[in-house]
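A.B. asks: Pasting a structure below so you can have a look.
Residue numbers (the working numbering), protein chains in the order written: chain R, 1001 to 1372; chain W, 1001 to 1372.
In structure tokens form, the structure reads like this:
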């Protein structure tokens, strides 16, 4: 007879009993975490894999998204017969701190006032996100992770967890990510934030219960989306092809397919994401610089680490280009860590980590099995 | 005794007497052109050089800008002792059709209604801009240009003029430009347009006399500005350096220098540019595809051309990257044209064509002198 653990399964929540001290020094009380687990924790609790999501991801890594009805955002990587496999692993995925899918964020009710935090929510960091992930693992009875896996901002969390808490994880998979946010990446995020804040509906963040700053958020998403693709990919997919017309329209409708596509990306995003969460999470990414506490010496962040690392980058990713992964690999080598690295050929830019990629699956599968 | 020609000099205007038939088929009556000339037209009118400006440029190529008080936008290229030299050349620079510095554009008064055109202004193309440039040259008594010179959208006009009106120009200098707008470039423009149109002050374009959509226009400028620089240039100039502080602020002020810089770029732009003009001119650029009327065969646009061409690109320009220039060079070679091409080393991205560049000046100077 299987005893059902109510902590396990889809669509779970937990409220932390201890207040969380953030990197800023502020305290956050009664932190909520929305999460899912897939598979079963084995008797010695040695098969847990934490999957960390990217900027606009969530806990629905391999389950249908409740708002969009779409399959989990990484069901190509997580699922039966996939590299991260519930038949073999106890898989944990939580909405990040600052998010808008159930974990504490600016849209959550402030216990002190009974109203949404809005911009009174404290500014958080990737380290704070990881602290919450670890608290969740404590709750679930997971001491040491078999692996932490993430792409983009998920990779930042995996790096942060492995660097700051090497006693909590044996292997780390970091895909299409970086140990710091570049000036160009900060610049693109700032454009998105200014687009949101320029929307009068933003109202200094106090829009809950009223009209939301959807126009500003859509613009932010459109700008960001360009950075997720590659110039070559856009040219291949759209080129200068026209949308539902034979000739130029001589107007400001979406003449070109690429315009129509971008508008759709912006509009569909606002149905599933909170504008203030977008502000807070982009800020956390901008703040991320793993070498900063070590006077810029990235290798020192991994000194003597027993963690095994696998890094993957994609040739056409210009948001987190290969040199950013190489910089981490170099630091890990200098720190004497066990590290493997592969740059995969792809025309799909940063988005490649979310798309069908047998090579990526092969790399992650091989790396995880070698550590089991 | 010199007879002063009132058509010549700084801060001139002319209204075309004949209506202009646009590429869209629409007619535009009483087109106004704001322009400047520098130097004197020689007796056989053979020393005229037309300088074409980029998206946000204007006729003040080498004179102080009346709104910003700054030197002319290309005073590094145009001036005494410079490659385009009033001691040698009769230099003409006009605000483009659709602009906001005196030439007819959406902010101009519609003679039919006595009110600003706003979005009733017809959608224009680069070919329409060139038609207006030629009408201005007619007015000035310039039959055949010694040269047309332009960077970015100015290069598009130079290409269009040389391709469609080879009898009006002997030499063309095209810097950091392209014969078509790529999908990624259209995408970035669309983000800017959506940012403007999302601003409630835009009011379907009818904001003249009231509050302007400055917040939306600033966001558009910020997004565009990132594309004018290079990742390496941004890293070199700003990196992750903080602005006027010792540590992260844990807030949404401009913590990083790059944020502060971008915000400044956005805010200062709205003082000198009209949002509707931004919509119209970006649209014209998106529509530009010199090969389109020739079933995609760019070489056919230059068939049998007697015009001499010089093309220049910059290594770090990812908005109009070197392959776009090479594509033009290849087409010109196929058409049997006289063409020289150089890719210049620069960390400054697309902006390089506006910055101090002795190599660029040497190339342009040598090319112009060889044709005189």
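C-beta atoms are modelled at their ideal positions from N, C-alpha and C, and glycine is treated no differently.
Quick one: Cα of residue 1162 of chain W to Cα of residue 1301 of chain W, how far?
C.D. replies: Distance between the alpha carbons of residue 1162 of chain W and residue 1301 of chain W: 9 angstroms.
A.B. asks: Please report the distance separating the alpha-carbon of residue 1223 of chain W from that of residue 1318 of chain W.
C.D. replies: One C-alpha to the other measures close to 14 angstroms.
A.B. asks: Counting along the chain, where does the alpha helix (DSSP H) carrying residue 1173 of chain R start and finish?
C.D. replies: First-last for residue 1173 of chain R: 1169 to 1175, but that is the beta strand (DSSP E), not the alpha helix (DSSP H).
A.B. asks: Using Cβ-Cβ distances below 9 angstroms, what residues of the stretch 1251 to 1269 of chain W are close to chain R?
C.D. replies: The stretch 1251 to 1269 of chain W vs chain R, Cβ under 9 angstroms: 1251, 1252, 1254, 1255, 1256, 1257, 1258, 1259, 1261, 1262, 1263 and 1266.
A.B. asks: Is it true that the CB of residue 1145 of chain W sits closer than 9 angstroms to the CB of residue 1049 of chain W?
C.D. replies: Cβ distance < 9 angstroms, so residue 1049 of chain W and residue 1145 of chain W count as in contact.
A.B. asks: What is the rounded straight-line gap between the Cα of residue 1047 of chain R and the Cα of residue 1007 of chain R?
C.D. replies: When rounded, the distance between both Cα atoms is 16 angstroms.
A.B. asks: Note down, in chain order, each residue of its chain lying with its Cβ closer than 6 angstroms to the Cβ of residue 1016 of chain R, except the 5 sequence neighbours on either side.
C.D. replies: Hits under 6 angstroms: 1031 and 1135.
A.B. asks: Taking the continuous beta strand (DSSP E) assigned at residue 1036 of chain R, which residues delimit it?
C.D. replies: Note, residue 1036 of chain R: beta strand (DSSP E), 1032 to 1038.
A.B. asks: Which parts of the stretch 1181 to 1211 of chain W are runs of the alpha helix (DSSP H), unbroken and 4 residues or longer, counting only runs that do not cross its ends?
C.D. replies: Within the stretch 1181 to 1211 of chain W, the complete alpha helix (DSSP H) runs of at least 4 residues are 1183 to 1198.
A.B. asks: If you run the structure through DSSP and keep just helix, strand and coil, what is residue 1372 of chain R?
C.D. replies: Looking at residue 1372 of chain R - three-state DSSP - the assignment turns out to be coil, as it is neither helix nor strand.
A.B. asks: For a contact meaning CB atoms closer than 7 angstroms, what does residue 1123 of chain W contact in chain R?
C.D. replies: 1250 and 1251, listed in chain order.
A.B. asks: Chain W partners of residue 1182 of chain R, CB-CB under 7 angstroms?
C.D. replies: Correct list: 1231 and 1235.
A.B. asks: Which residues mark the beginning and the end of the alpha helix (DSSP H) in which residue 1269 of chain W is found?
C.D. replies: It spans 1257 to 1270 - the alpha helix (DSSP H) in which residue 1269 of chain W sits, taken as one unbroken run.
A.B. asks: Does chain W have any CB closer than 9 angstroms to the CB of residue 1198 of chain R?
C.D. replies: With 9 angstroms as the cut-off, residue 1198 of chain R counts as an interface residue toward chain W.
A.B. asks: Just list the residues that DSSP pairs residue 1343 of chain W with in beta bridges.
C.D. replies: DSSP, once it has assigned bridges, lists W:1313 as partnering residue 1343 of chain W.
A.B. asks: Report the three-state DSSP secondary structure of residue 1365 of chain W (helix, strand or coil).
C.D. replies: It is helical.
A.B. asks: Let me confirm a value: residue 1268 of chain R is counted as buried when at least 16 other C-beta atoms fall within 10 Å, else exposed. Which label applies?
C.D. replies: Classification for residue 1268 of chain R: exposed.
A.B. asks: What is the rounded straight-line gap between the Cα of residue 1217 of chain W and the Cα of residue 1192 of chain W?
C.D. replies: Distance between the alpha carbons of residue 1217 of chain W and residue 1192 of chain W is about 7 angstroms.
A.B. asks: Determine the extent of the beta strand (DSSP E) in which residue 1092 of chain R is found, giving its start and end residues.
C.D. replies: That run of the beta strand (DSSP E) goes 1090 to 1094.
A.B. asks: Please list, in chain order, the chain W residues whose beta carbon lies closer than 9 angstroms to that of residue 1290 of chain R.
C.D. replies: Going along chain W, no residue has its Cβ under 9 angstroms from residue 1290 of chain R, so there is no contact; the nearest lies around 12 angstroms.
A.B. asks: For residue 1211 of chain R, count neighbouring C-beta atoms within 10 Å of its own C-beta (all shown protein chains included) and say buried if the count is 16 or more, exposed if not.
C.D. replies: Exposed is the call here.
A.B. asks: Residues in the same chain with beta-carbon distance under 6 angstroms from residue 1208 of chain W, minus the five sequence neighbours each way, listed in chain order, please.
C.D. replies: So the list reads 1116, once near-sequence residues are dropped.
A.B. asks: Tell whether a beta-carbon distance below 9 angstroms holds between residue 1092 of chain W and residue 1140 of chain W.
C.D. replies: Closer than 9 angstroms, so yes.
A.B. asks: Mind listing the chain R neighbours of residue 1187 of chain W? Cutoff is C-beta to C-beta under 7 angstroms, in chain order.
C.D. replies: In chain order: 1226, 1234, 1258 and 1262.
A.B. asks: DSSP puts residue 1151 of chain W in a beta bridge; with which residues?
C.D. replies: Per DSSP, W:1175.
A.B. asks: Here's a check: name, in chain order, each residue in its chain whose Cβ is nearer than 6 angstroms to the Cβ of residue 1353 of chain W, leaving out the five neighbours to either side.
C.D. replies: Cβ neighbours of residue 1353 of chain W beyond the five flanking positions: 1151, 1175 and 1176.
A.B. asks: Suppose you measure from the CA of residue 1330 of chain R to the CA of residue 1298 of chain R; what does that come to, to the nearest Å?
C.D. replies: Distance between the alpha carbons of residue 1330 of chain R and residue 1298 of chain R is about 9 angstroms.
A.B. asks: Would you tell me roughly how many angstroms separate the C-alpha atoms of residue 952 of chain R and residue 1250 of chain W, rounded to the nearest one?
C.D. replies: Any answer about residue 952 of chain R is impossible in this case: the structure gives chain R only from 1001 up to 1372.
A.B. asks: Residue 1119 of chain W: which of W:1369, W:1203, W:1252 and W:1004 sits nearest, CA to CA?
C.D. replies: It is W:1203 whose Cα lies nearest to the Cα of residue 1119 of chain W.
A.B. asks: Would you mind telling me which residues of chain R sit closer than 9 angstroms to residue 1279 of chain W, beta carbon to beta carbon, in chain order?
C.D. replies: In chain order: 1252.
A.B. asks: Tell me whether residue 1146 of chain W sits in a helix, a strand or coil according to DSSP, three-state version.
C.D. replies: Residue state, collapsed to three classes: strand.
A.B. asks: Classify residue 1014 of chain R as helix, strand or coil using the three-state DSSP reduction.
C.D. replies: Correct three-state label for residue 1014 of chain R: strand.
A.B. asks: Answer yes if the stretch 1228 to 1238 of chain W comes into contact with the stretch 1343 to 1350 of chain W, meaning at least three C-beta pairs across the two stretches below 8 angstroms, and no otherwise.
C.D. replies: Contact between the stretch 1343 to 1350 of chain W and the stretch 1228 to 1238 of chain W is present, because at least three Cβ pairs lie under 8 angstroms.
A.B. asks: Near residue 1285 of chain R, what residues of its chain come up, given a Cβ to Cβ distance below 8 angstroms and the 5 sequence neighbours on each side ignored?
C.D. replies: Correct list, in chain order: 1055, 1126, 1153, 1156, 1181, 1185 and 1189.
A.B. asks: Could you give the C-beta distance for residue 1009 of chain R and residue 1058 of chain R, rounded to a whole number, given that I count them as a contact under 8 angstroms?
C.D. replies: Not really, about 16 angstroms apart at Cβ, beyond 8 angstroms.
A.B. asks: Do residue 1011 of chain W and residue 1063 of chain W come within 9 angstroms of each other at the CB atom, strictly closer than that value?
C.D. replies: Yes, the Cβ-Cβ distance between residue 1063 of chain W and residue 1011 of chain W is below 9 angstroms.
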